[in-house]
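Accompanying notes for the structure given below.
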Amino acid sequence: MRLKFHCQNRIGILRDIVAQFADYGVNVARGEVGGDHGNTIYLYLPQLLNAQLATLKPVLEQIPGVFGVRRVSLMPSERRHLELDALLSSLSDPVMSIDMEGHIVAANRAAGQMLGVRVDEVPGLSLDRYLPDLDLPALIRRNNARVNGLRLKLGEATYLADISPLHSDKDDDVASLAGAVVTLHRADRIGERIYQVQRQELRGFDALFQASPRLAAVIREARRMAPLDAPLLIQGETGTGKELLARACHLASPWGQAPFMALNCAGLPESMAETELFGYAPGAFEGARPEGKLGLLELTAGGTIFLDEVGEMSPRLQVKLLRFLQDGGFRRVGSDEETYLDVRVICATQQDLPALCAEGRFREDLYHRLNVLSLVVPPLRDCLDGIEPLAEHFLDRAARQIGCPLPRLSAEALARLAGYHWPGNVRQLENVLFQAASLCEGEVIEAGHLRLPAVGKRQGLDGIDLEGQLTDILGEVERRVLAALYPQYPSSRQLGKRLGVSHTTIANKLKRHGIGREE
């Protein structure tokens, strides 16, 4: 059991507190002092029972200078260890701390995988075993400053190493080297990493394409909702960019400088989803880490948690999420301690939540808690008036990644894009154009370069917005007919003959709908 004492900072108060446990025959295994003025004491008493605490608590609170005693789930050092462990584990690059003898003191999981051992076997290993031709401690002493991009050969792979020296202060105020933190980057993945950085350069609303009036309207709504302190529900089909919109709302909110964490609720077993979101207490279940685990909610404290596919959440998790939305409190798995946090919740779904509520598969009270603010992201097939600039944007990105000259779209290729039904939405468009850029050997992407499967093609009026006036609805039907036929009849004369109208009429309609490039 771990106890937290809020107390006065006076000489002998720790002795007075510990004496009560000694008189009772309870061992104090570890203690820590915290608070800005040393006015908080933490004690770890592994053998203390709840009944004993109930008896001792009134006695402890009578000690002069003790203002309160309560249970906590973690000591401050344990929490720091968990946070550091979570941070290191999230890094895909190997990170190691070494001493001035060349031995590894600590490392993350990626470093253990690189060295071919378990992460708990890494401490104590000598780098000479893996880098026989490099005296890293001598290099650190010689430079005594940060080294970036040092090329290393480790096994069959080549790495670029960033080395940050660690200094300790002696009693005579002369700083001495204590070791270094070494971060390794695979040399053959640097280009990929640069591309990923480029993709993340614009992460806010400016990263979202707004060429279509319908998309622009959604972005305007999102900008107004982003700073509001209320849950946000984003609805839309797969591939429409719901997470990008959630990130943009986070960055434009008062929580924008705090963490943004995402959890996909689909496909995760209930127990795993619960521990990922809420964490677990030390020794909560067989196989659990003895120090416990912080959940995404605690790692997101002060920021935004994004729950994707919230409609797939289990009934048990729905109850815990509802409780958190009501009062900001929850319990880790295996813990009876309440934790309270300030975290904004943004959820996304491609399902019809009211229908799930009617079927009893989703709690109606939770739905109303989540649906305080809501956004509906339209599918790509309803935003095809902006597909040309969007396609050019994705082609530019693909060309940069592949390293080829920027190709342009032929009129036939653009017409085919505009006439497709896009079941995978924007994500599918990006993938199709990346493949087209990789297949194109010249400067122009033709219709034949576009690999568009017919699977999932919608029939009838599916995907047509029936909310407007008849003229608007018929105009959309007309646009789709022209876009679908233009690749086979790529001139106003051919298309006019096919449809039985004059080529002048067809030319005007093609121009109005932005289809083709008439000479």
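With positions in the sequence shown counted from 1, the corresponding number in the working numbering is that position plus 2. Note that the Cβ used here is the ideal one computed from N, Cα and C, for glycine as well.
- In the three-state reduction of the DSSP assignment, Gln237 falls in the strand class.
- In this structure the segment 370–387 lies against the segment 424–440, because at least three pairs of beta carbons, one per stretch, are closer than 8 Å.
- Beta-carbon to beta-carbon, Ala268 and Glu311 are separated by about 4 Å, close enough to satisfy the 8 Å threshold.
- In the structure shown, Ala254 falls within a coil segment according to DSSP collapsed to helix, strand and coil.
- When DSSP assignments are scanned along the segment 83–139, the uninterrupted stretches of beta strand (DSSP E) that are 3 or more residues long and fall wholly within it turn out to be 97–100, 106–109.
- For the pair Arg334 and Phe287, the CB atoms are not nearer than the 8 Å cut-off.
- Taking all protein chains in view, the Cβ of Lys155 is surrounded by fewer than 16 other Cβ atoms within 10 Å, so the residue is classified as exposed.
- Just so you know, the alpha carbons of Leu419 and Arg325 end up roughly 46 Å apart.
- In this chain, the beta strand (DSSP E) harbouring Ile307 covers 306–310.
- For Phe211, there is no enclosing beta strand (DSSP E), as DSSP marks it with neither H nor E.
- Cβ-Cβ separation between Val74 and Thr185: approximately 34 Å, too far for a contact (criterion under 8 Å).
- Ser178 is bridged by DSSP to Ser170.
- Runs of the beta strand (DSSP E) lying entirely within the segment 418–460, each at least 3 residues long, are absent.
- Separation of the CB atoms of Asp18 and Ile65 is rounded to 5 Å, and the pair is thereby assigned contact status at 8 Å.
- The Cβ neighbour count for His370, taken over all protein chains shown within 10 Å, is under 16; the residue is labelled exposed.
- In the pairwise beta carbon analysis, the segment 296–313 is classified as touching the segment 335–353: at least three pairs are separated by under 8 Å.
- Setting aside the 5 residues that flank it on each side, Leu62 is surrounded in the same chain by Phe7, Ile19, Gln22, Val68, Val71, each with a C-beta closer than 8 Å to its C-beta; the list follows chain order.
- In the three-state reduction of the DSSP assignment, Asn150 falls in the strand class, which pools E and B.
- Residue pairing by DSSP puts Asn266 in a beta bridge opposite Asp310.
- Shown here, Ser75 sits in coil according to DSSP, grouped into three states, outside any helix or strand.
- When Cβ pairs closer than 8 Å are counted between the two stretches, the segment 438–455 is seen to touch the segment 392–405, the count reaching three or more.
- Per DSSP, Lys6 is one residue of the beta strand (DSSP E) stretching across 4–9.
- Secondary-structure assignment with DSSP links Thr341 through a beta bridge to Phe332.
- Relative to the Cα of Pro284, the nearest Cα in the group Ala275, Gly297, Glu272 belongs to Gly297.
- In this structure, DSSP gives Val68 an extended state, which the three-state scheme calls strand.
- Three or more beta-carbon pairs drawn from the segment 44–60 and the segment 27–35 are found closer than 8 Å, and the two stretches are therefore classed as touching.
- From the listed residues Leu319, Glu445, Leu512, the smallest Cα separation to Glu480 is found for Leu512.
- The criterion of a C-beta distance shorter than 8 Å is not satisfied by Leu84 and Gly104.
- Within the model, the alpha-carbon separation for Ile517 versus Gly498 is close to 14 Å.
- Between Leu454 and Ala415, the C-beta spacing is not below 8 Å.
- Contact check between the segment 209–229 and the segment 114–131: fewer than three CB pairs, one atom from each, fall below 8 Å, which does not count as touching.
- His39 carries a coil assignment under DSSP once its states are collapsed to helix, strand and coil.
- In this chain, the alpha helix (DSSP H) harbouring Val483 covers 472–487.
- According to the DSSP assignment, Ser376 belongs to the beta strand (DSSP E) that extends over 375–378.
- Check the Cα spacing between Pro407 and each of Ile447, Ala413, Pro380, Ser273: the tightest is with Ile447.
- Of the residues assessed, Gln10 falls on the exposed side of the cut-off, its CB having fewer than 16 other CB atoms within 10 angstroms.
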